[in-house]
Amino acid sequence: MKFYFIVFSALLSSSVFSKETSIIVLSKDDIAVANVVVALTPKVKKEYTAPEELAIMDQVDTQFLPHILIVQQDSRVIFPNSDSIKHHVYSFSTAKTFELQLYKDLRAEPLLFSNTGIVELGCNIHDWMLGYIFVADTPYFAKTDLHGKVILDVPEGEYVLKVWNPRFQEKEEVLALNMTVPKEGSMIVKLNNDLLPDLSDYEQSADEFSDYE
Amino acid sequence: MNKRVTPSFLFLVVLIKTLIRTKHMLGWMFFLSFTKTYAFEIEGVVQFNYVKSDELPAWFEQDTGILAYSENSVNLQQGLVKVSDSFTNGLSYSLVGNVYQLGSQNIGVSQAQVAFKPLSKDKIRWRARAGFFYPKMSLENVDTGWLSPFTYTQSAINSWVGEELRTAGLELTLYSPGRSRNSAFSWELHGSVYKGNDTLGTVISWRGFAMHDRQSLNNDKVPFAAYPSVVQEDRIFHPDYVEPFHELDGRFGFYLGAHLDYYRQSSFRYYYYDNQADPNVVNYERLYAWRTKFHSIALQHKFNKNTRLITQWMTGSSIMGKHFVYIDFDAWYLMLSHKYKSHRFSARFDLFEVNEDDIFPWDPNNSDGEALTLAWRYDLNMHWQVGLEQHFNQNSADIRATLGQNVSIDQQQSLAVLQYRW
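These protein sequence lines map, in sequence, to chains A and X.
Taking our numbering, the leading residue of the first sequence gets 454, the next gets one more, and so forth.
Taking our numbering, the leading residue of the second sequence gets 350, the next gets one more, and so forth.
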């Protein structure tokens, strides 16, 4: 009985308050762009409780995994090291400046990301490593799939839609759009400028041997 | 595997006993790094082999063979420990201590360096290192402790580098990671000044190139056959060994290097090395300074994640005394390596040549050779590896005639190797 009540409540809440909202990101040449951060921020400012669970930015085969991590403001992010070598992760970004020595088999304390913005990560040992943490001021976010599309469940209302990817030449604010939910059909965001070069080949040619000292 | 560890009491006892016996300062630094702090990374590699050796004994036996082993036997091929750590200010250190069964120095240090690499978001950055280290010329020696993960018997070029070349000095590097510039190309420029590499060139002039994995240690001595033209008092009157890391003339040597990488798929490295030695300086042991300079070009291309091609070419010259010995040398190798699951197959072809143009016809220094090395290495798990290697070469050295030996010989060597790494 209790189970049915929970299911009924969930259905009710999603049908009444949340609307499935589709957003598609296209390049200047109308080609779908994958791995784009899409975030919907309510125009009426709300206080959200910080997520309890830790977000994970791993290091695998001397690459950051995921390449782009989206977290809600005030999230804690843990940096496990799945490689058998040490990493020295750092950021100079204003949203979060830090450095972290990551020894194999030693778990570093999670870091709190309390400022919104883009945090660019590097490793002082492996210069090709590059990763990003997008700290969002909303719980409504996702990354586009291979078709350049995300589907978000968000309550009805007025929103600011933000999209971001390191290959964009446009700043995040330039691409920001107003959006009303519910919306018929998909919201399409089209870039004005060409994408910066795709350097994902840095992720492809991992080597089991590091350079010697 | 890297770990923060607490060293075992037994290991420390063995280390202290060894240090008391050997009285090595670098060894004591190694020991102090254990006692002062336990916050470091420690890696190690131990290799045992069974070798089916060639009949011609090696230079270690003061004979003229160019392969390391002189009899069918079980041996400790490699034993090394690398201790390192890095700190938040960009400082790091690393030290490689080795144990060798072959050679005259059986325990010692092959590399010891302090490096500084400040955190930077600039497109062009800098770093520096000081100590006793290898220039990063080789794309073959990319395993822990400058070992090759491909074959056990290394190329002629890097066998020689391992036995006679080390930088005791300072290296400054300007570098630009491609990803910071939105580019597929990354580059590095290296410049170094150093001392203590004045006898470089001695062994390839007299013995010629050899093929092995024995790296000289900090206070080592590389023996060779007692060639009459070398050791007799009425001839050149030089000992039948060289101590590779001696400073004899007080001059600084230098090298310059440039790296260019396309993603992490293709690598190019060029180095110019000149030890700037005064070839007329001789010490009380009658060891000479040899003015040795060379160019080295190395290339690596990965066709995919599992298959790569590596090649290196070195060309240079060495002079000793008033043209007592003058040689031009050339060597190159081409290696194909393929990984299939936990198996790695590698095949390398080497060609090497030394040509003389000096004043003593009774000290013939021409030598040359070609070699094929085939290796299979299989990772049983992250710690244990087994491997087999078959090596063939044809080589000649005119100086063998002065010992009544055949000038040209064919050599073969088979290795079965058990490796443990941590």
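Backbone N, C-alpha and C fix where the C-beta goes; we use that ideal spot for every residue, glycine too.
Note that this is a predicted model, so its numbers are computed, not measured.
Residue i at chain X interface by Cβ criterion, 8 Å
| i | result |
| --- | --- |
| W581 of chain A | yes |
| D660 of chain A | yes |
| N577 of chain A | yes |
| L644 of chain A | no |
| Q512 of chain A | no |
| A652 of chain A | It should be noted that the sequence gives Leu, not Ala, for residue 652 of chain A. Yes, contact with chain X. |
| L479 of chain A | no |
| L649 of chain A | yes |
| Y655 of chain A | yes |
Cβ shell of residue i (< 6 Å), same chain only, five flanking positions each side left out
| i | result |
| --- | --- |
| R529 of chain A | L507, P563 and L565 |
| I748 of chain X | Y576 and P713 |
| S441 of chain X | S435 and A464 |
| Y594 of chain A | Per the sequence presented here, residue 594 of chain A reads as Phe, with Tyr not at that position. These residues qualify, in order along the chain: A492 and I523. |
| A479 of chain X | V463 and L519 |
Cβ-based burial, residue i [other Cβ within 10 Å; buried from 16]
| i | result |
| --- | --- |
| Y612 of chain X | buried |
| T493 of chain X | buried |
| N421 of chain X | exposed |
| L617 of chain A | Here residue 617 of chain A is Trp; the residue named in the question, Leu, does not match the sequence. It is buried - the Cβ of W617 of chain A has at least 16 other Cβ atoms within 10 Å. |
| W495 of chain X | buried |
| P593 of chain X | buried |
| R515 of chain X | buried |
| A559 of chain X | buried |
| Q549 of chain X | Looking at the sequence shown, residue 549 of chain X is not Gln but Leu. Burial call: buried. |
| G540 of chain X | exposed |
| V735 of chain X | exposed |
| T633 of chain A | exposed |
| D536 of chain A | buried |
Test: residue i CB closer than 8 Å to a CB of chain A
| i | result |
| --- | --- |
| S453 of chain X | no |
| P526 of chain X | yes |
| T656 of chain X | no |
| Y387 of chain X | Per-residue confidence for Y387 of chain X stands at a pLDDT of 45, beneath the threshold of 50, marking its modelled position as unreliable; the derived number appears in the next sentence. Chain A, which has no Cβ nearer than 8 Å to the Cβ of Y387 of chain X, makes this no. |
| F383 of chain X | Its pLDDT being 44, under 50, F383 of chain X is placed unreliably in this model, and the value from its coordinates should be taken loosely. With 8 Å as the cut-off, F383 of chain X does not count as an interface residue toward chain A. |
| S439 of chain X | At residue 439 of chain X the sequence reads Gly, which differs from the Ser that was named. So, interface residue. |
| N531 of chain X | yes |
| L566 of chain X | no |
| N435 of chain X | The question names Asn, but residue 435 of chain X is Ser in the sequence shown. Yes, S435 of chain X lies at the interface with chain A (some Cβ there is under 8 Å from its Cβ). |
| E592 of chain X | no |
| E512 of chain X | no |
| Q734 of chain X | no |
| E582 of chain X | no |
Neighbourhood of residue i by C-beta, 7 Å cutoff - its chain only, sequence neighbours within 5 removed
| i | result |
| --- | --- |
| C576 of chain A | H540, H541, V542 and M582 |
| P619 of chain A | Y585 |
| L468 of chain X | G439 |
| V394 of chain X | Q427, L429, T493, G494, L496, Q768 and R770 |
| I758 of chain X | L405 and N744 |
Chain-order list of residues whose beta-carbon lies under 8 Å from that of residue i (same chain, five-residue window excluded)
| i | result |
| --- | --- |
| L522 of chain A | A508, I509, M510, V530, G584, Y585, I586 and F587 |
| D562 of chain X | A417, Q426, Q427, L496, S497, Y501, T502, Q503, S508 and G511 |
| D706 of chain X | Y675, I676 and D677 |
| G610 of chain A | P495, K496, V497, T633 and V634 |
Any 3 or more C-beta pairs closer than 8 Å across the region 481-488 of chain X and the region 610-620 of chain X:
yes
Three or more beta-carbon pairs under 8 Å between the region 505-513 of chain X and the region 723-732 of chain X, yes or no?
no
For the region 490-501 of chain X, which residues have a beta carbon sitting closer than 7 Å to at least one beta carbon of chain A?
N490, V491, D492, W495 and P498
Between the region 677-706 of chain X and chain B, which residues of the former have CB atoms less than 9 Å from a CB of the latter, in chain order?
The chain inventory of the structure shown lacks chain B, comprising the protein chains A and X.
The region 537-553 of chain A in contact with the region 484-502 of chain A per 3-pair CB rule at 8 Å:
no
Chain A contacts made by the region 609-631 of chain X, where a contact means CB separation under 7 Å:
Contacts with chain A (Cβ-Cβ distance below 7 Å) from the region 609-631 of chain X involve Y612, R613 and Q614, listed in chain order.
Does the region 400-417 of chain X come into contact with the region 427-446 of chain X, if we say contact requires no fewer than three beta-carbon pairs (one atom in each stretch) closer than 8 Å?
By the Cβ test, the region 400-417 of chain X is not in contact with the region 427-446 of chain X, since fewer than three Cβ pairs between them sit closer than 8 Å.
Three or more C-beta pairs closer than 8 Å, one from the region 509-525 of chain X and one from the region 469-481 of chain X: is that the case here?
yes
Quick check: the region 532-546 of chain X against the region 595-603 of chain X, are there 3 or more CB pairs under 8 Å?
Taking 8 Å as the limit for Cβ pairs, the verdict is that the region 595-603 of chain X does touch the region 532-546 of chain X.
Which of the residues in the region 525-545 of chain A, read from start to end, lie with their CB under 7 Å from any CB of chain X?
S537, I538, K539, H541, Y543 and F545
May I ask you to list, following chain order, the residues of the region 604-622 of chain A that have a beta carbon less than 7 Å from some beta carbon of chain X?
none
Compile a chain-ordered list of the residues in the region 550-569 of chain A whose CB is closer than 7 Å to at least one CB of chain X.
E552, Q554, Y556, K557, D558 and L559
Mind checking the region 459-483 of chain X against chain A and listing, in chain order, the residues whose C-beta falls within less than 9 Å of any C-beta there?
For the region 459-483 of chain X, the residues whose beta carbon sits under 9 Å from a beta carbon of chain A are, in order, Q460, Q462, A464, K466, P467, L468, S469, K470, R474, R478, F482 and Y483.
Are the region 703-718 of chain X and the region 748-757 of chain X touching, with three or more C-beta to C-beta distances below 8 Å?
yes
Just by C-beta distance, which residues in the region 729-757 of chain X are closer than 8 Å to chain A?
Flagged, chain order: M731.
Looking at chain A, which residues of the region 386-406 of chain X have a Cβ within less than 8 Å of any of its Cβ atoms?
E390
Looking at C-beta atoms only, is the number of pairs between the region 527-535 of chain X and the region 651-660 of chain A that lie closer than 8 Å three or more?
The count of Cβ pairs closer than 8 Å, one atom from the region 527-535 of chain X and one from the region 651-660 of chain A, reaches three, so the stretches are in contact.
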